[in-house]
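Here the structure is laid out as C-alpha cells; the discussion comes afterwards.
Chains as they are written, first to last, in the numbering used here: chain E, 19 to 372; chain A, 19 to 372; chain H, 19 to 372; chain L, 19 to 372.
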C-alpha cells in the first residue's frame, strides 16, 4: 500500500492526457489508477497511442491498457480525475464526476467561467482555491478546478510579478502558438507548413477574460475581475511545442529595465515555498541574450527534473514610449496544460484540500 | 531604339536583386542595361544564381551575364540604379553613384535616415519626393530615394488610410517575418526549422522611426516626423515569403468596424490614379473570412499581373477596450523590397522627375 | 452554345478536385456543368472551400456553388465525370456512373486493377485505351479510365523512354512524397513537421503493380504485365507539392550517360504529337545542375502555360556498378492527379473516343 | 587526481564538437582538458556558442572558456584529441597532432581513405584498429582513427549483422538526411524549408567506399575492401537530427523476415561485450509498427542513458522480388558523429591501445 492518492487520467490518448501520464510517472503524491479514453482507443496499450515526441515513458507505462471511460468506476476508485478531454465532452463529464464526489483537475475550458470554478495557477492565485467550497458538489467531496488556457498561462506568472511590483494597466499581447496546442490530429500539415494562421478559435476572448479572472479576487461567493485591460492577437506558427508571446505593457510605475528584470527573476509563489514536486525553483527565468527566448532552446526550461517545461522564460526587456516590451515563452502542454493541473493538485494535496 | 530608360540592377544575385530583375522583365518604362554583383558572381549567367522560388524568368533573362560592379560604367550608361546590395556596402556605393549623376532607387537601409533622403511609398508620401532636390548631388542629376524596410512597408499603406480618416495615436505591432527578409544565405535552417526567433537586428528601431518619417512631412529642408507612437516587437518565423503583422491601434476617432474596413478597402493613392505599371488597383485588400490573411493564400495579392505581390491584405478587424485590432500581410521582397523601389521609380518617371 | 463537352467534377472540394477545376478553367474542349461534393460542402461557394496554395481561380469560378452529388442528374447532363473522390466512395459511385452511360476519368485507385479498366498515361500506353470497349457498360457509352497513383505517374514517362530505348530490367525506387498527396486534412502537422514518415498505405504495392500494368500490353481481353521488377520504398516528407523519387535502374543495354539523357529529353508521345491542351511540349526535362530537380524550383515544370506542372524533371544522371542512378520529380496533384485524368480525357476527345 | 585521460575537443563550437562535449560530461574514462576553436570563438564561454537543441549542459560546462587551437599545448597536455573541425582544416591539423604524439579520434573525412588509417565502428570492425600500428607516427604514440561519415554509420551495423548471417551482395540505399549533418550555419533555410535537395557533396562516393572498407579486412599493411556493391542516392530533407535511409538488399541466402529481424535485433559486438560507456545495450532496434522508424520518435534510441542516440532503429522489413527492403534511422551527430569517435576511444581505452 503506497499511501498515494489514486488518480484517473481522462483522455489519456490525447496530447494533454499523455502529458498527464508523463508527469504522473513516479509521482510522490499520486498513483495512476487508470487511463481512460473513448471506444476508439479502449483496449489498446498506452504505448500504441503515443503522440508526444520528446519524452520516453517507462516500459510499464507503455504496457498499461487504456480503459473505456466509466464514471461510476472512476468515482469509486479515484479521488482525483485529471482531465484532458475535449471541451465539448468535458462539460457534462466533469460536472457528473464532481457530483459523484471526484476532485476534477482539468485542462478543458468548459467550466472556466463557471460562477464558483476557479482558474488556478498556484504561483498567482492560490487564494482563489477557496471558491471550490461554494460549488454545489463540494459537500460530497466533488469539485472542479481548472487550469488556464495555454496562452494565458504562458504569461500570467510574469504579469502577476509585475502587477504586484508596479501595477499593471494595459497588456498588448500577440501570440506565436505551437501546433500541439490544437491537440491531435489538430492542425492539418497543409495549413501550417510554411505558414502563419492568424486565428485560433476563442483564444483571444479567453486571454482577455481569464487573465483578469486569475489576477482578480474571490469573495462573497463571486469572482471580482482585475481592472487592467488585455488586447490579444493570437496566431498559430509551425512550431511543435512552446508558445512564444510578444508583450507590450503599460505599468502604473516606471521601473528601470534592471528593476523589471529583478522583479521577474526574483518572483516566488506558494509552489516554490512549498517545494511542490512539479514546481520550478525559479518560475520566471530572465534571459539577457539578444535573441531569446526561443522554443528550440527554452521550451523545457525549469529545474529540478520534474519541473522541466514548467518555467516561463522571458527576454528582450526593452522600453519604448513609456511602455515596456518583452517576449515570453512557455511550454503549452506542460506548464500550459497537464502541468498546470498537476501543480494545482499538488498544491491541494499539501494544503489538505483533497 | 526602345525609348525606355536604361537601368542597372545592383546586387542582382541576391534575393532583392532577383526581384528587381523579375519586375523589370518587359517593363514599359525601363530597360535593363546590366546586372551587377561582386567578384563571386561576375561572369556567371543570371540563371546560375537563382534563389527565388516562385517566378519563372524568360530564357533571355536567364542567359544574361552578371557583370562586376563598375560605377563609372554604370554612370555612363544608366539613368537609374536599382540597388539590392547589402547595407554595409550600399552606403558608400550609392553615395558615389549619386555623385556621378545616377538616380539611385534603393532597398538598402544605409541612407534612409539621411537628412534629405526620403523613404517613399507612393501611396503614402509622394510629396516627400521633393526632398531629393535638396540633396548635394541633385544639380548633377544624381540622388537617392529609398524604400522603407519590409516590415514598415507592410503596414504603412493601411496606417496612412486610417490616419487620414480617423487619426492615428498609437500603433502596437508584432511581426511574424519571413526568412527571405534576411537575404541569402541568411537564416541558417538549424535556427528556424520548428522555431521562432524573437529578434531581428535593428528592425524594431527602424519600424519606430521609418513609419513616423513617412507619415510626417518635408518642408524647409527637413523632415518633420509624425507624432503617433509605434511600439514594435519583431520576430522571425518559418515562412518563406510574406510578413504577417499583428496590429493594435489607438485612433483619435471611434469608427465602426464597417467604417474601418471601408476606409481601408477604399483607399487609393497616386500610383492608382496614375495607373503605374506595378501599382495594385486596390492597395489594401480587406478579407472577411475569420482566418485571413495567410502567407500561403495572400502573399501574392495584387492585380493586374504586374502588381502581384504589391497589395497589402488585412483581416480580422476587431475592437477591444477601445482599441482596434487587425492582422496585415504583405510580400516582403516584392512590395516590401524591390517592388517598393520599382514603384518609386515609376512614379518619378511619370512625374518627370528622372 | 459552346460546342464543348459538359463535364462534372466529383469531389470538387478536395485537393484533386480543386486541381480538376483549375485545369478546366477556359478549357478548349470541356465545360464544367457542375461541381459536386458531399453534404458537408453542398451549398457553399467553391471559393469558400479553397485548399490549393498556388493557383488563383477566376472570380466566376470562386462564385460557383457546390452541389450535392446526384448521379442521375450528372448522367443526364454530363458526358464526362472527373472524379477526385476518396477511394472507398469512388468504387461504387464510379461503377454506377459508368452504368448510367457516363465516361468516368478518375484519380481514385478503386478500379485500377479491374480486369478491363486501363491505367492510362497517354505518353506511355494510349493503346491500352481500347480496353474500355470490353467494359460491360461500354455499350451504353459508360466506362472508367483511371490515372496511375501519383508516385507511379511521376516516373512512368522516363521509365517508358528508357524501356523503349534500352530495355528495363529492374527499378529500385525510393520516394520523398509531398503532403498534398494525402489529401485534406490528410497528414496531421504534428506527424510531419521536422519528420520523415517511412510509410504510405498501399503505395509500394501500387507502384510495384501499376508500373508493370502500364508498361505491359492489352490484348484478348486482358492485360499482360511487363516483366521488369520494381522494388519500392515510399516515405512522406515535409514538402507541400511535388514527389521526388530516387531511382536506381538496371537496363538491358549499357548506354552512356549522354545517350541516357538524350533518350529522356528527346522522348515524345501521343499527347505531344496531338498537341493536347494539357500536354507539356517536352514531357521529360533533363537538368544538368548538380543539385536538381528540387520541388521548390521544378514542381511546376512544363510549357505552355496550360501544361505547367505536367512535365517530369530528372537530374543527377550517374552510373554505379553497372546501374544507372537518377532523381525524378513531378507534381503529384497535377501530373500525378487531376492533370493525368485531364490529359486522358483530352486524348479521348481528339481520338473520338467520347 | 582523477586518473582519467585528458582530452582536447577540437572545433568545440561546431555541431559535432558540441556533441563531443555533451558525451564527455561526467565521462568515466576521459576528462576535458580544453575546448578549442578558431579566433572567432576563442575567449568566449562555451555557453555563448550553443547550437544543439536537445541537450542541457551542466553549468560548469557552459562556463568553460573556448581556447584558440594550439597544437603544441594540446600535445603536451592531452593524450587524445577529439576532432570536429571542418575537413579542409582537419587534414593538416590532425596529421600534425599525430606527429606530436597525440591519439586523434576524428569525425572529419580527410584521412578516412589514408593507407593505414582505419574507419572504425567498434560493433563492426574493431580488428581493423591494428592498422594504426602501421602509421608513421605510431612510434611516437600518435595516430589517427576516424569514424565513418554519418550516412554510412547509420546503416553499417545492420549491414554487418546481415553480412555475417546471410551474405551481403548488393545494397541500394537512398537517404533522407538531416540538416544538422551539414554543420552550422550549414544549409540556408531558404534552400530547405518545404524542399528536398537531392545532392550532398561527395556523400554518395563516401558511402560506396567507406562501407566496403569497414566491412573488409586489414592485413599485410593494407585494407582489403569487401566485395558487395553499394548504389547510393543521397538527399537532404527538412529534419533537424536523424538520417533516415531506405534500403533494398540482395543477400546470398534467403532468410525469412522473422529470421532477418532476429539477426538484426540479436546482433552484439565488442562494445556490448565490453559494456563500453557509450555503447547501446542493443545496437540495432527492430520496430514492428507499420510506420517506424521516424526521426521524431526514434532518433534518440539507445539505452542506458549515456548511449542515447547511439542505437540504429530499423523497421518495415519486407520482401519484394527476392530482395529485402527496410528503413533504418540513426542519429547523425551522435552515433554518426561525435558518438562514433567517442566509442572508438572508449574501445581503445579498454583494450589498452591508448
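A virtual CB, placed ideally from N, CA and C, is assigned to each residue, including glycine.
- In this chain, the beta strand (DSSP E) harbouring residue 84/L covers 84-86.
- Taking 7 Å as the Cβ-Cβ cut-off, the segment 195-223 of chain H approaches chain A at 211, 212, given in chain order.
- Residues of chain A with a Cβ closer than 7 Å to the Cβ of residue 69/L are, in chain order, 208.
- For the pair residue 99/E and residue 128/E, the CB atoms are not nearer than the 8 Å cut-off.
- Considering only 310/H, 253/H, 171/H, 29/H, the residue with the shortest C-alpha distance to residue 195/H is 253/H.
- Distance from the Cα of residue 152/E is smallest, within the candidate group 161/E, 145/E, 103/E, for 161/E.
- Taking the CA atoms as reference points, residue 71/A sits about 20 Å from residue 208/A.
- Using beta-carbon distances, residue 256/L counts as an interface residue toward chain A, with a partner under 8 Å.
- Rounded to the nearest whole angstrom, the C-alpha separation of residue 228/L and residue 139/H is 41 Å.
- In terms of beta-carbon proximity, residue 253/A lines the interface with chain E, with at least one pair separated by less than 8 Å.
- With fewer than 16 other CB atoms across the displayed protein chains lying within 10 angstroms of its CB, residue 369/E is exposed.
- Taking 8 Å as the upper bound for CB-CB distance, residue 197/L and residue 133/L are not in contact here, some 34 Å apart.
- If the five residues before and after residue 199/A are omitted, its C-beta is found closer than 6 Å to the C-beta atoms of 168, 350, all from its own chain and listed in chain order.
- Restricted to the segment 37-113 of chain E, the alpha helix (DSSP H) segments that are unbroken, complete and at least 4 residues in length are 77-80, 89-95, listed in chain order.
- As computed with DSSP, residue 196/A is found in no beta bridge at all.
- Inclusion of residue 301/A and residue 345/A in the CB contact set at 8 Å is not warranted, their separation being larger than that value.
- The criterion of a C-beta distance shorter than 8 Å is satisfied by residue 92/E and residue 120/E.
- With the criterion set as a beta carbon lying under 8 Å from some beta carbon of chain L, the members of the segment 301-316 of chain H are 308, 309, 310, 311, 312, 313, 314, in sequence order.
- Contacts with chain H (Cβ-Cβ distance below 9 Å) from the segment 337-350 of chain L involve 338, 339, 340, 341, 343, 344, 345, 347, listed in chain order.
- Nearest Cα to residue 278/L within the set 303/L, 261/L, 55/L, 203/L: 303/L.
- Taking one beta carbon from each stretch, the segment 33-49 of chain A and the segment 74-85 of chain A have 3 or more pairs nearer than 8 Å; the two touch.
- Annotated as distal: residue 126/E and residue 86/E, with beta-carbon spacing of 8 Å or more.
- When Cβ-Cβ separations below 8 Å define contact, residue 175/H makes no contact with chain L.
- The DSSP-derived three-state label of residue 251/L is strand.
- Taking a beta-carbon distance threshold of 8 Å, residue 192/H counts as an interface residue toward chain L.
- Beyond the five residues adjoining it in sequence on each side, residue 190/L comes within less than 6 Å, by CB distance, of 249, 266 in the same chain, given in chain order.
- Annotated as distal: residue 270/H and residue 343/H, with beta-carbon spacing of 8 Å or more.
- Residue pairing by DSSP puts residue 237/A in a beta bridge opposite 240/A.
- Closer than 8 Å to the CB of residue 332/H there is not a single CB belonging to chain L.
- Between residue 67/L and residue 31/L, the CB-CB gap stays under 8 Å.
- Around residue 249/A, the beta-carbon contacts reaching into chain E at under 8 Å are 190, 266, 338, 339, 341, 343.
- Nearest Cα to residue 354/A within the set 28/A, 35/A, 154/A: 35/A.
- The C-beta distance from residue 206/E to residue 203/H rounds to 4 Å, short enough to meet the 8 Å contact threshold.
- At a beta-carbon threshold of 7 Å, the residues of chain A lying near residue 226/E are 338, ordered along the chain.
- Here residue 329/H really is in contact with residue 298/H; their C-beta atoms are around 4 Å apart, less than 8 Å.
- Shown here, residue 341/H sits in a strand according to DSSP, grouped into three states.
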